[in-house]
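See structure below.
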Amino acid sequence: MSAEDLYQGMLSAGVELAVALPDSLLSPLCAMTAERGEIPYVQCCDEATAIGIAAGANLAGTCTLVLMENSGLRRACETLSRFVLSHRLHVAMLLSHRGAFGEANWWGLAHSETMAPHLEMLRIKTEHVTAAVDFEDALRRAYSTLRTGQSSVALVAERSALSVSR
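In this text, residue positions in the sequence shown follow our numbering: the first is 480, and each later residue adds one.
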């Protein structure tokens with residue numbers, strides 16, 4: 480599976496805006512989204528800013544997806560807690576799973592170890608995507624949950640879904 484499969488899943492699921500902080504795992508999908516122009520693409524320099532843009536766009540009725548590494552949860556924690564827990568401004572996120580079993584970078588391990596507790600603490604509904612072919616259906620289910628107005632959602636993309644070998 481490839482970034483093309485993920486991109487087509489975004490198109491089919493009705494993503495109208497992608498807000499991203501590209502990392503090495505999501506960069507092929509981010510580059511494709513930016514280059515093709517079918518889905519407006521906003522690249523940010525900070526995860527909290529991405530969450531803010533997405534929450535505002537969702538509030539305006541735009542089907543938005545934040546693309547970032549799972550470490551971005553820690554960087555955006557204050558914004559997520561304010562928006563999600565205090566104001567019920569929810570977002571949909573695609574998180575690359577850095578630090579999963581087989582991670583080759585020492586610095587990536589803490590990203591995985593802190594991801595689940597942060598998602599639980601912020602009451603974000605989560606599904607792991609292990610194959611790109613499952614992404615579109617998972618994204619549709621995520622948007623169904625998001626539309627309830629009760630929860631933010633995170634799809635955690637495993638390396639196998641992102642076609643990354645190491």
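Positions of the beta carbon are idealized from the N, C-alpha and C atoms, including for glycine.
Once you ignore the five residues that flank Glu606 on each side, which residues in its own chain have a CB closer than 6 Å to its CB? Ala617 and Leu634
In terms of residues, what are the limits of the alpha helix (DSSP H) holding Glu483? Ala482 to Ala492
Quick one: grab the DSSP three-state call for Leu601. Correct three-state label for Leu601: coil.
What would DSSP say about Thr543, mapped onto helix, strand or coil? strand
Option nearest His590 by Cα separation, candidates Arg620, Arg602, Arg554 and Ala621: Among Arg620, Arg602, Arg554 and Ala621, the Cα nearest to that of His590 is on Arg554.
Assuming Ser623 is part of the alpha helix (DSSP H), what are its boundary residues? Phe614 to Arg626
Which residues bound the alpha helix (DSSP H) around Ser639? Arg638 to Leu641
Any idea what DSSP makes of Ser630, helix, strand or coil? coil
With DSSP collapsed to three states, give me the class of Ser644. Any answer about Ser644 is weak, because its pLDDT of 48 lies below 50 and its placement is not dependable; what the coordinates show is given next. DSSP places Ser644 in coil when its eight states are reduced to three.
Val563 (DSSP reduced to helix, strand or coil): helix
Compute the Euclidean distance between the alpha carbons of Leu601 and Glu514, then round it to the nearest angstrom. 33 Å
Spatial distance of Arg645 from Ile530 (CA atoms): Confidence at Arg645 is low in this model, with a pLDDT of 42, below 50, so its placement is unreliable and no value can be given for it.
Contact under 8 Å by Cβ, Leu546 with Ala583: no
Please work out which residues of its chain come closer than 6 Å, Cβ to Cβ, to Glu495, disregarding the five sequence neighbours upstream and downstream, and give them in chain order. Thr541 and Cys542
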